[in-house]
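Enquirer:
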Amino acid sequence: MGGPKRTRLGGRQIVGRGRSAGSARSTALVFGPGVLLRWAQEGAILVATKPISSPVKNAEIGELLEALAQHAQRPVEEALALPPAVYRSAPLLAHETRQIFEREWTCIGRLAEIPAPGDYLTFSVAGQPVVAIRQADQSVKVFANVCLHRCAKLLEGTGKARRIVCPYHAWTYTTDGRLVGAPQMDSSPGFSIEGQALAELRTTFWEGFIYVTLSEEAPPLEPRIEGLREVVGRYRLTDYEPVILENEIWDTNWKCLVENFMDAYHVFKVHRKTFDPTNQSVQRTTMHEGGDQWAYHTVDAPADDSRALAHPDNTWLEGDWRRTVTLAAVFPTHTMQIQPDMLWYLSIQPHGTDQVAVRWAVSIPREILADGDREALVKQWGELLRAVNEEDKGIIRRVREGVNFGSATQGRLAHLERNLWEFGQYYSRLMTA
Ligand code: FES
Ligand SMILES: [Fe+2]
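Quick look at the structure:
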């Protein structure tokens, strides 16, 4: 049969191999519906032959999409919770993958979490394994975390690597993704490691966070969240140092967790033993207008609560900002609580309809670490936030169980749930686009 030799690579194909007539090393952008791969190549052409996820027949979820289209029209004065079925429908989750997770920007971690060359962190975006690695020149690149041989996931968790060695048959890559070793492959006619490299993803950095997208068509992130930068930028998050990073699976739908993090209403009830022992959260909370892809509210810390105050060496936060806590979300799945003395963020991914993969991490400003007992600070924040997580885990598991009731209804949202209305608008818009 004629035509180029085709080699399977995950859901894609490499068409032909061999030295290209052009430059010794070039970069090709090749994409199909919902998928982008930036392929550093020398003669190998990577093509996306099919979308990563299968199309969902609208008939299966038609009624829900219709309800979401109406939901997107609902003004904040008449805000309702999302239709309960969106938290339990498996076909809808497949639609979410295509409409949201394969198209949007996902926060996978922070630059400061991989400070030195070879440091890496892994994550899963729309179910696809990726790895961010600090380069020798201090830049950070994000690659498909998938071996070019038979697709074994290369790295797990976080760590440091001089070379990336596949755990299956020891194909070996440099930290900038080039294949430099493939044992025994001399006996495979026509095979060469020359010019082969891991696929590199579109990446952007915002306030010290690392974002990636699988899509070539996703508009740049920064202009879409410029309004949020005006708030978040005040804190100088790039001077915060990572101290805790945990990966967990919680029993709830991913949307319940995003909504819960941005819900200023539940704090007085769910967190009265942790965040709100003096029952002041309602009076101290201010809801703000967000944008198409982001939302936030602020909480004024009591002047006598040393937990949320700026250090005297912090000269950039002024006035009330020295004791202002900002809770923000970059939709779909990045949430953060930013304080003058601490950053706590979540990167969230669906894990079926009734579980969620959560990366939660804590950073502390350098001036506070330099002036205090580091170990004691980390212990104190770790204990508090683990207790808060337990409170939240319990309540959002109950919400996930509750939405199973066939005729559960869409309740009216409180003014302190404004950010849920904003999330609902965003979600409905993308799902019905
Ligand atoms: S799958 Fe990686 S070396 Fe075989
Ligand atoms: Fe909470």
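Mapping of the sequence shown onto the numbering used here: residues 1 to 433, in sequence order. All residues carry an ideal CB built from backbone N, CA and C; glycine is no exception.
When the Cα of Ser163 is compared with those of Thr175, Trp171, His169 and Ala170, which residue comes out closest?
Expert: Note that residue 163 is Arg in the sequence shown, not Ser. Answer by Cα proximity: Thr175.
Enquirer: Tell whether a beta-carbon distance below 9 Å holds between Thr324 and Asp300.
Expert: yes
Enquirer: For ligand 1, I want to know if Ala152 counts as a neighbour, meaning its beta carbon is within less than 8 Å of at least one of the ligand's heavy atoms.
Expert: yes
Enquirer: Exposed or buried, Arg418, counting other C-beta atoms within 10 Å across all chains shown (16 or more means buried)?
Expert: buried
Enquirer: Excluding the 5 residues flanking Trp321 on each side, which residues of the same chain have their C-beta closer than 7 Å to its C-beta?
Expert: Answer for Trp321: Arg234, listed in chain order.
Enquirer: Which first and last residues belong to the alpha helix (DSSP H) in which Cys256 is found?
Expert: Trp254 to Phe261
Enquirer: Just verifying my parser: in three-state terms, what is the DSSP assignment at Thr175?
Expert: coil
Enquirer: Taking the beta carbon of His415 as the centre, do at least 16 other beta carbons fall within 10 Å, making it buried, or is it exposed?
Expert: exposed
Enquirer: Let me check you understand the geometry: is the CB of Asp378 closer than 8 Å to at least one non-hydrogen atom of ligand 2?
Expert: The sequence given here has Val at residue 378, not Asp. No, ligand 2 has no heavy atom inside 8 Å of this Cβ.
Enquirer: Mapping the DSSP letters down to three states, classify His266 as helix, strand or coil.
Expert: coil
Enquirer: Name the one or two DSSP bridge partners that Ala197 has.
Expert: Arg178
Enquirer: Just list the residues that DSSP pairs Asn314 with in beta bridges.
Expert: DSSP lists no beta-bridge partner residue for Asn314.
Enquirer: For Arg98, count neighbouring Cβ atoms within 10 angstroms of its own Cβ and tell me buried if that reaches 16, exposed if not.
Expert: It counts as buried.
Enquirer: Determine, using beta carbons only, whether Trp316 and Leu228 come nearer to each other than 9 Å.
Expert: Going by C-beta atoms, Trp316 is not nearer than 9 Å to Leu228.
Enquirer: Which class does Ala433 belong to by DSSP, given the choice of helix, strand or coil?
Expert: Coil.
Enquirer: At what residue ranges does the segment 311-386 contain a whole run of the alpha helix (DSSP H), taking only runs of 4 or more?
Expert: Unbroken alpha helix (DSSP H) stretches of 4 residues or longer found wholly inside the segment 311-386: 366-371, given in chain order.
Enquirer: Report whether the distance from the Cβ of Phe205 to the nearest heavy atom of ligand 2 is below 8 Å.
Expert: For Phe205, the shortest separation between its Cβ and any heavy atom of ligand 2 does not lie below 8 Å.
Enquirer: Is the segment 207-214 touching the segment 124-132 in the sense that three or more CB pairs, one from each, lie closer than 8 Å?
Expert: yes
Enquirer: Please tell me whether, using a cut-off of 8 Å, the distance from the CB of Trp171 to the nearest non-hydrogen atom of ligand 1 is below it.
Expert: yes
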